[in-house]
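Just below is one structure, and these are the notes that go with it.
Protein chains in written order, with full-length UniProt numbering: chain A, 1 to 440; chain B, 1 to 440.
What follows is the structure, given as structure tokens:
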């Protein structure tokens, strides 16, 4: 066993010039010439050139480097030397020991020309070899930690609600069913029900990041059957405005954290500028949005109650033109297109106190004030043709002093898509799940 | 509509003496006397007495208070007054407006005498009415944020791995199966496979908090079919010792955070002292542990390869006696009781480079160095009688330069159980899931 020194990251090498260190990483490129062997080793912080002159006595190093393959996992122990000729920061490592920890087979199953679906089959290699993909997960960590930081500062408690449910939630068609000790269970399509239960349990403000499951046979660039949801629920609100104010501030805070930490790296890797949004975001009612869109030729029959993706992109573009803002809350969705538990204004039961948040024309959030009054809720459910029995546990929550409340659910990967200018949610997820994809 | 001032929390009332404020909360107790109406209002920060003298002209307030029921959601607007006779911090609110936001039905379905299972049926009321239950979720938030803080400081990236899998993971018997667009999918029993894939993807250190699913028909006080796992995976380790060192420091850091924020509150509510553990935790091999236990009469036939719960409690107690420490890493589990992917020492393939972490004799973590060498892994799988086909995606990870790595999975509710001295994991979870419980 070779005695190795503690691992040093490639980004830290400059501090170790003249000393012997160990670097761990992958053989990024190999140039094995007759006189000299060059290996560029890559770790998650950067790349360094390893330079070995052939022909030393008892040269284990020469033999080890000679049988290296691209993407093999190696540990190189050697002296860090300054060399102005070397392109990689003018540094190189003169190896004293080389350990091949896991030799990669050749050829690799993917390369730079490989298409998206086949890259997803070999996602670990796809992510490992592209610095932009690596960056994405660092950005995701920072983004969610920024949201969490804001939420904690606002008095939120982080909750973990069950993903296994005894009855299908409201839209039974899009729910996964599983066998559960001789009966059926269902996967939660959102923590909606349970975070409302937490509100009724006296948790003042609820924050959750977790998986949500949608059994939708959708094959678009923005749908997945499993994705990471960021959920918030706030008790004792005065109205849905409180929820929107919370969300825009949470996002502005989190995106500012990302801009600070990775703004420059994102510009380099993705060619997009991270803009910290100003608050408040613009707000527009669905009626106003449809009027603006129809003036531009959208929905010529004038029959659509909801915004379709084209309408969402349209209203995003129009608002950006008018306000310079990339974000817009579309509010007051018609009762017909919203679930029964969305609260309706006392003076206009044909709309709901709900919103979608669009970023650059992509829906990233749905939110609402919830109906907390038992009798009103039961009436609204009945009017939608829902039977009370399957949702008795839900309805019971409103019988014993449930406070007014509202909340939001945000799709983390959709925010990442827009933030990094990605074409598909498949690129914004570590391991995408869709109707045709359950692996790797 | 009554114009209300901004909400003030009960804990902040002292700063508002002499001013009119709004407090939102639940009617905790009612004493409606002939001259005066007393209502104690509780929010998540404390309780305050509302005192109303009957008989004002046009007295809406009197009527509103008269029809109040326990646990109704109310907003009280009134003047904060000092009154040394009042037990609750010598403060009371003289109401100027009372809004009943959701009147609770009477009687409530549970009370102080209700048993655990029926309390779980009405978990939102159970949690709302018990300050200790409220505290539990604040402690959970702090505990996990403390672990996350340590992990981020150590270079971890937070990942969200899929819970839907295309093939059952290694122990197929304990896995939930669901219908997935005409075929079967399975719920992940742990992020094990996917966090190893993240390591192979070049994510240097992986951190995840998320749900894990176990289709075990276990009815003990410490098993659930769905629970929150804290998972860590570390690349480029020198050995399993690196994983244990990470975990003990992560836990010490997080428990110190809990002790700072809630040590006193936990003492009051649960009657237990939060002790920040010293590091390193004691380590003992399975062979040593069994020898110590057998000397005390455990497993008289000398046939057990693993520790049963009695053995775990026993070794926890013995180590505490010898070292004064509540925590112990039991290491080197026999190969026969560990999965094929645990690495084995070169000089002794009958044991694994694995550990369990016990706290007060309860297993809270399993961890290991993983076998990252493709040929060794395939051999170990074959020796356990596993066919390579169903796990081809897993095995592929080790063909192209997977670095040495190891990690751990910790059960969040089990840690909370011990931390707060709870008898059952049902009390340490917001909404427990077991073979007989899928609701609420």
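Glycine residues also receive a C-beta, built at the ideal position from the N, C-alpha and C atoms.
Everything numeric in this text was worked out from a predicted model, so none of it was measured.
Expected contact under 8 angstroms - CB spacing of residue i and residue j to nearest Å
| i | j | result |
| --- | --- | --- |
| residue 20(B) | residue 38(B) | Incorrect: roughly 19 angstroms between the Cβ atoms, too far for contact. |
| residue 402(B) | residue 102(A) | 5 angstroms |
| residue 164(B) | residue 177(A) | Wrong, their Cβ atoms sit about 13 angstroms apart, outside the cutoff. |
| residue 324(A) | residue 293(A) | Not quite, the Cβ-Cβ distance comes to about 19 angstroms (not below 8 angstroms), so this is no contact. |
| residue 281(B) | residue 329(B) | 6 angstroms |
Residue i: first and last residue of the uninterrupted beta strand (DSSP E) it sits in
| i | result |
| --- | --- |
| residue 405(B) | 405 to 411 |
| residue 41(B) | 36 to 43 |
| residue 367(B) | 362 to 370 |
| residue 380(B) | No beta strand (DSSP E) holds residue 380(B); the alpha helix (DSSP H) holding it covers 374 to 383. |
| residue 274(B) | From DSSP, residue 274(B) is part of no beta strand (DSSP E); its letter is neither H nor E. |
| residue 28(A) | 20 to 32 |
| residue 96(A) | 91 to 102 |
| residue 76(A) | 73 to 82 |
Minimum C-alpha distance to residue i - residue among the options
| i | options | result |
| --- | --- | --- |
| residue 13(A) | 215(A), 59(A), 224(A), 80(A) | 80(A) |
| residue 83(A) | 367(A), 49(A), 127(A) | 49(A) |
| residue 219(B) | 124(B), 30(B), 7(B), 424(B) | 424(B) |
| residue 56(A) | 25(A), 94(A), 74(A) | 94(A) |
| residue 272(B) | 384(B), 417(B), 333(B) | 417(B) |
| residue 349(A) | 109(A), 432(A), 336(A), 111(A) | 336(A) |
| residue 131(B) | 201(A), 243(A), 415(A) | 201(A) |
| residue 249(A) | 152(A), 124(A), 394(A) | 152(A) |
Contact list for residue i against chain A, beta-carbon separation under 7 angstroms
| i | result |
| --- | --- |
| residue 198(B) | 430 |
| residue 400(B) | 71, 104, 105, 108, 125 |
| residue 203(B) | 137 |
| residue 101(B) | 403, 404 |
| residue 26(B) | 401 |
| residue 181(B) | 217, 435 |
| residue 141(B) | 157, 158 |
| residue 151(B) | By Cβ distance, chain A contributes nothing, its closest Cβ being about 10 angstroms from residue 151(B), past 7 angstroms. |
| residue 144(B) | 158 |
Heavy atom of the ligand SAH within 7 angstroms of residue i beta-carbon
| i | result |
| --- | --- |
| residue 262(A) | Questions concerning the ligand SAH fall outside what the structure shown contains, since it holds no ligand whatsoever. |
N-terminal and C-terminal residue of the alpha helix (DSSP H) that residue i is part of
| i | result |
| --- | --- |
| residue 356(B) | Where residue 356(B) is concerned, there is no enclosing alpha helix (DSSP H), although the beta strand (DSSP E) it sits in stretches over 354 to 359. |
| residue 142(B) | 131 to 153 |
| residue 183(B) | Run containing residue 183(B): none in the alpha helix (DSSP H); it sits in the beta strand (DSSP E), 183 to 187. |
| residue 117(A) | 116 to 121 |
| residue 293(B) | 286 to 295 |
| residue 496(B) | Because residue 496(B) is not part of the residues shown, which for chain B are 1 to 440, the question remains open. |
| residue 313(B) | 309 to 323 |
Proximity test, Cβ basis, 8 angstroms: residue i and chain B
| i | result |
| --- | --- |
| residue 16(A) | no |
| residue 189(A) | no |
| residue 78(A) | no |
| residue 372(A) | yes |
| residue 249(A) | no |
| residue 258(A) | no |
| residue 397(A) | yes |
| residue 177(A) | yes |
| residue 166(A) | yes |
| residue 211(A) | yes |
| residue 309(A) | no |
| residue 174(A) | no |
| residue 225(A) | yes |
| residue 185(A) | yes |
| residue 283(A) | no |
Short CB-CB distance (under 8 angstroms) between residue i and chain A
| i | result |
| --- | --- |
| residue 194(B) | yes |
| residue 11(B) | no |
| residue 3(B) | Note that residue 3(B) scores a pLDDT of 47, beneath 50, so its modelled location is shaky; the value from the coordinates is reported in the next line. No, its Cβ sits nowhere closer than 8 angstroms to a Cβ of chain A. |
| residue 314(B) | no |
| residue 387(B) | no |
| residue 163(B) | yes |
Beta-carbon neighbours of residue i, restricted to chain B and to distances below 9 angstroms
| i | result |
| --- | --- |
| residue 246(A) | Within chain B, no residue comes near residue 246(A); the closest Cβ sits about 14 angstroms away, beyond 9 angstroms. |
Chain B residues whose Cβ lies nearer than 7 angstroms to that of residue i
| i | result |
| --- | --- |
| residue 134(A) | 202 |
Within chain A, partners of residue i - CB distance below 8 angstroms
| i | result |
| --- | --- |
| residue 20(B) | Per Cβ cutoff of 8 angstroms: no residues; residue 20(B) is ~17 angstroms from chain A at best. |
Amino acids of chain A, ordered along the chain, whose beta-carbon sits closer than 9 angstroms to that of residue i
| i | result |
| --- | --- |
| residue 393(B) | 121, 439, 440 |
| residue 128(B) | 200, 201, 202, 203, 400, 401 |
Contacts of residue i in chain B (Cβ-Cβ under 8 angstroms)
| i | result |
| --- | --- |
| residue 228(A) | 160 |
| residue 44(A) | 202, 203, 204 |
| residue 7(A) | 236 |
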